[in-house]
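A short write-up of the structure that comes next.
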C-alpha cells in the first residue's frame, strides 16, 4: 500500500481542523492509500516574541496562561483542559497523526492541505509550501490562504518563498477564490477550486448512525471562545432563542452565557448539528457542518474569515444566510433553505473535486 503524508494544522484546539484531516485520510484510504498527518514545528515569527511564547509552551508562557485564567475564568479554563484531552484521545483513537516529517522515511507523496495552510499571519512555515519534504511528489489539496492576500505576501517580503514552493508542487488545488487569485498572480496559472475534505468525504455514515443528544429544542452556537461574547451579540442571540422557546447550546467551544456547554469529539459534534433546531455560527467549518447535516443556519462573517466564508456560501447558493447585523438574525433564519438543490450542488462539486484528487494521486510513487 502506498503511503501519503499530510501537512496540515494537526495540533490545534479545533474540531473543524480535525474533521477535515480525518476526512482526507478516510477518502485516501478508500482509494488504497495509507495516510497520516506529518508532525512539524510551526513558525510564529510574525506574531512577535510575546505572542510566540503562548505557542512555545515553556516557562516563558506561564505568564500568558495565568493571564488567560484571570481573563477567561475557571469555567472556560477547565472546559478547555477537558477539550484538549478529548481531542487528543480522538487523535489517538483514530490514528491520524504520524511521525515527524524528517523521521518518517521516504513517502510516495505528500499532500499539503486542507485548511489555511498557506496563511502567513503567524509566520513562514516551510513545509506548508512544500519545502524540504521527504518526496518529490508534493501536491496541495484545497489549500487556503485564509485572510492572507497577495498584497500581504508582498508586504511580508515572502513572494519568492511562497512562489518557489507552489511552483515546485506537482499539482495545486485551492479551497476559495482568494487563494486561486493569489496562486495565479504568483505562478501565472489558475488552480482548480475544490471542496473542503469535510464536504468531499461527507460523513454520511457517521451522521446517519450518530447518537441523539440528550438536549433538545436548542439553538446551536458554534463560535470560537473569544468571539460572540460582546453584550450586543449575547443579547441578540439569547433574545432570539427565547423568542423561539429554545435553549442555547455551545458544543466544542465555551461560552459562559450559553445554557449548555458540551465537550464533544469531532464526530459527536456532527450529531449536535444534525439535531439542532437552528444554528448560529461565524466559522467556515461551522457552515460546512451545517450544510452536510442539513441544518437551518445563519453565518456571521468577520474580517478574519470574510473571504473564505462568503466564497463558500456563494458556491452553494446560500449567501442569503449571511448576516452582517444582529438585527437581521430572525429574518435571515426564517428564510427557506432548499436542501434538495443544495445537496445536488454538493454532489456536483464533490465529483469534480474527486476527479482532481485522482489526477493528483497519479503523481504518488512516481
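Residue numbers (my numbering): 4 to 369.
The beta carbon of each residue, even a glycine, is placed where N, CA and C say it ideally should be.
Backbone secondary structure at residue 192 - three-state DSSP
coil
Using DSSP with H/G/I as helix, E/B as strand and the rest coil, what is residue 161?
Coil, per DSSP.
Three-way DSSP call (helix, strand, coil) for residue 361 in this model
It is helical.
Give me the residue from 173, 281 and 230 with the minimum Cα distance to residue 305.
When only C-alpha atoms are compared, the closest one is 230.
Three-state secondary structure assigned by DSSP to residue 243
helix
Enclosing beta strand (DSSP E) for residue 264 [first to last residue]
Per DSSP, residue 264 is one residue of the beta strand (DSSP E) stretching across 263 to 265.
Can you grab the Cα-Cα spacing for the pair residue 286 / residue 149, in whole Å?
12 Å
With a Cβ-Cβ cutoff of 8 Å, do residue 316 and residue 324 count as a contact?
Yes.
6 Å CB neighbourhood of residue 419 in its chain, flanking five on each side removed
Outside the shown range of the chain (4 to 369) lies residue 419, about which nothing can therefore be said.
Taking the alpha carbon of residue 120 as the reference point, which residue from 146, 103, 199 and 141 has its own alpha carbon closest?
It is 146.
Close-in-space but distant-in-sequence residues of the same chain around residue 79 (CB under 8 Å, 5 per side omitted):
228, 257 and 259
Run the proximity test for residue 256: is its beta-carbon closer than 7 Å to any non-hydrogen atom belonging to the ligand PLP?
Looking for the ligand PLP in the displayed structure turns up nothing, as the structure carries no ligands at all.
Considering only their Cβ atoms, is the gap separating residue 177 from residue 200 smaller than 8 Å?
no
Tell me whether the region 83 to 95 and the region 118 to 135 touch, counting them as touching only if at least three CB pairs, one residue from each stretch, are closer than 8 Å.
no
Whole angstroms is fine: what's the gap from residue 347's alpha carbon to residue 294's?
Near 12 Å, if we compare the C-alpha coordinates of residue 294 and residue 347.
Evaluate the contact criterion for the region 98 to 118 versus the region 329 to 341: three or more CB pairs, one atom per stretch, below 8 Å.
no
Identify which residue in 89, 11, 189 and 204 has its Cα closest to the Cα of residue 114.
11
Residue 89 and residue 203 closer than 8 Å at C-beta:
no
Would you mind giving the Cβ-Cβ distance between residue 250 and residue 301, rounded to the nearest angstrom? I have them listed as a contact below 8 Å.
The Cβ separation is near 18 Å, so there is no contact.
Beta-carbon separation (whole angstroms), residue 105 vs residue 123, contact threshold 8 Å
About 23 Å; that fails the 8 Å criterion.
On a CA-only basis, which of 313, 319 and 320 is nearest residue 326? Give me that one, please.
313
Alpha-carbon to alpha-carbon, residue 355 and residue 248:
42 Å
Exposed or buried, what is residue 181 when buried is set at 16 or more other beta-carbons lying within 10 Å of its beta-carbon?
Buried, by the Cβ-count rule.
7 Å Cβ shell around residue 280 - same chain, five flanking residues per side excluded:
220, 221, 222 and 249
Among 169, 171, 85 and 22, nearest to residue 97 - alpha-carbon criterion:
When the alpha-carbon of residue 97 is set against those of 169, 171, 85 and 22, the nearest one is in 22.
What are the partner residues of residue 284, as DSSP defines its beta bridges?
Looking at the DSSP assignment, residue 284 forms a beta bridge with 225 and 302.
Let's see if you can read the secondary structure: which residues bound the beta strand (DSSP E) around residue 250?
Per DSSP, residue 250 belongs to the beta strand (DSSP E) from 250 to 254.
Cut-off 6 Å between Cβ atoms - residues of its own chain near residue 128, not counting five sequence neighbours on either side:
45 and 46
Given this structure, state the Cα-to-Cα distance separating residue 135 from residue 172, to the nearest angstrom.
12 Å
Runs of 3 residues minimum, wholly inside the region 72 to 134: which ones carry the beta strand (DSSP E) assignment?
100 to 103 and 112 to 115
Since residue 37 is in the beta strand (DSSP E), which residue starts that stretch and which ends it?
Note, residue 37: beta strand (DSSP E), 36 to 42.
To the nearest angstrom, report how far apart residue 13 and residue 20 are at their CA atoms.
7 Å
For residue 275, report the span of its alpha helix (DSSP H) as first-last.
Counting along the chain, the alpha helix (DSSP H) containing residue 275 begins and ends at 269 to 278.
According to the neighbour-count rule (16 or more other Cβ atoms, all chains shown, within 10 Å of its Cβ), is residue 268 buried or exposed?
buried
Tell me which same chain residues have a C-beta within less than 8 Å of the C-beta of residue 385, skipping the five on either side of it?
Nothing can be reported for residue 385: it is not among the residues displayed for the chain, which extend from 4 to 369.
DSSP three-state call for residue 175: helix, strand or coil?
strand
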